[in-house]
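Undergrad: My structure is below; once you've seen it, I'll send some questions.
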Amino acid sequence: MSIATIIIALVLALVAWKVLAGVLRIGAILVIVVLAAFFLSHVLSQGTI
Numbered sequence: 178m179s180i181a182t183i184i185i186a187l188v189l190a191l192v193a194w195k196v197l198a199g200v201l202r203i204g205a206i207l208v209i210v211v212l213a214a215f216f217l218s219h220v221l222s223q224g225t226i
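Take the numbering used here: the final residue in the sequence shown is number 226, and no numbers are missing along the way.
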């Protein structure tokens, strides 16, 4: 492989890593929000924990 090909591959890998990290971060935030909403609705409907 030429140097240009290696550089392009590294740039693509870096971009893919950033996108994946962003998706995982958004997914984790969504899971936390859903769990918090479920917990709060459960507590409010029961009146007790």
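Glycine included, every Cβ here is placed at the ideal spot set by N, Cα and C.
How many Å lie between Ile-180 and Leu-197 at the Cα?
TA: Their Cα atoms are separated by approximately 26 angstroms.
Undergrad: Just the Cα atoms here: how many angstroms apart are Gly-204 and Phe-215?
TA: If I take the Cα positions, the gap works out to 16 angstroms.
Undergrad: When the Cα atoms are used, what is the spatial distance from Leu-207 to Ser-218?
TA: Taking the straight line joining both Cα atoms gives about 16 angstroms.
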